[in-house]
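Q: Dumping the structure here so I can ask a few things about it.
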Amino acid sequence: MKVEGSYTFAAPQEIVWPMLQDPDVLANVMPGCEALEVVNENEFKGILKIKVGPVQGKFNGTVQLNDIVAPDSFTILVNGRGAPGFVKGAGDLHLTEENDNTILTYEGDAQVGGRLASVGQRLLETSARAIIRQSLEGLDQQIQARMGVPEGEEYSPETVGPPPPPSQVAFAKGVAQNMWEDYMTPENRSLLLNRLLLAAGAIIAISVIANWFANKVADKVAHQLEEQH
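If you read the sequence shown in this note's numbering, its first letter stands for residue 528, the second for the next number, and so on.
What follows is the structure, given as structure tokens:
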């Protein structure tokens, strides 16, 4: 399973870089993250609860950061196991600064096994994109909160009132949104529009025919009543 994409933060790179590696910040923005702590330099362990289709459960895993080139890039290795199966992945993250913005680009590859693999490639990919997108949106909120802390004061997620982690409902909405975006290619939009127009035309035609038939029946009944009198 491959994932790739980009995200633009309205903040300088010197602020985005440390927050991208802060376990307290990341634990507050990742959907389903129940714990994330440092175990060694550039190594974390955590617990993540996920639900993908009919499969749900907790993963215990580790995250290792390698090839760090501050403040521009690093590689990430992820290993997780739990009742739903296992996840093993690797990826590259790069930061570039443009004007007052920082652009994060990422690409990676992941392997999944166990019951989690039974849900199918498409649902796995859309679920992964939903997790990444919600995490980055949450990180963006944290970064904006950090930007609002007066110079000289220490920042922590608790002191600025971090947004709550996305709920399972929010995650499900994110998955549905990604699946909708995947389906709604330009070709599918055109096809859907044509079908909607055909359906609307059919409804109008049926309505016209039904009204005509009802009027005919009403006229016939009225004529019979007149003859009886």
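C-beta atoms are modelled at their ideal positions from N, C-alpha and C, and glycine is treated no differently.
For the alpha helix (DSSP H) holding R608, just list the boundary residues, first then last.
A: Within the sequence shown, numbered from 1, the residue matching residue 608 stands at position 81. Element bounds for R608: not the alpha helix (DSSP H) but the beta strand (DSSP E), 600-609.
Q: Here's the rule I'm using: 16 or more other beta-carbon atoms within 10 Å means buried, otherwise exposed. How should R649 be labelled?
A: Taking the sequence shown and counting its residues from 1, the one referred to as residue 649 is at position 122. It counts as exposed.
Q: Quick check: the Cα distance between G589 and V676, rounded to an integer number of angstroms?
A: Counting from 1 along the sequence shown, the entry for residue 589 is found at position 62. Counting from 1 along the sequence shown, the entry for residue 676 is found at position 149. Just to set this straight, residue 589 is Thr in the shown sequence, not Gly. Taking the straight line from one Cα to the other gives about 31 angstroms.
Q: Within its chain, find whatever has a CB closer than 8 angstroms to the CB of S662; leave out the 5 residues flanking it on each side and keep chain order.
A: Start at 1 with the first residue of the sequence shown, and residue 662 comes out as number 135. So the list reads L553, V556, M557, P558, once near-sequence residues are dropped.
Q: Judging by CA-CA distance, which residue of W739, K585, E561, Q668 is the nearest neighbour of A537?
A: Position 10 of the sequence shown, counting from 1, holds the residue named residue 537. Closest option to A537, Cα to Cα, is Q668.
Q: Mind reading off the beta-carbon distance from G607 to L575? Whole number of angstroms is fine, and I expect it under 8 angstroms.
A: Sequence index remark: in the sequence shown, residue 607 carries index 80 (1-based). Sequence index remark: in the sequence shown, residue 575 carries index 48 (1-based). Yes, G607 and L575 are in contact; Cβ-Cβ is about 7 angstroms, under 8 angstroms.
Q: Terminal residues of the continuous beta strand (DSSP E) containing A644?
A: Here the question's residue 644 lines up with position 117 in the sequence shown. Here A644 belongs to no beta strand (DSSP E), and DSSP marks it neither H nor E.
Q: With DSSP as the reference, please indicate the residues paired to I736 in a beta bridge.
A: Position 209 of the sequence shown, counted from the first residue, corresponds to residue 736. None, per the DSSP bridge assignment.
Q: Considering D627, what are the terminal residues of the beta strand (DSSP E) in which it resides?
A: Taking the first residue of the sequence shown as position 1, residue 627 is located at position 100. Premise fails: D627 is in no beta strand (DSSP E) and is neither H nor E.
Q: Going by beta-carbon coordinates alone, are V579 and V646 separated by less than 9 angstroms?
A: As a first step, residue 579 is located in the sequence shown; it is residue number 52 there, counting from the start. As a first step, residue 646 is located in the sequence shown; it is residue number 119 there, counting from the start. The answer is yes: Cβ separation under 9 angstroms.
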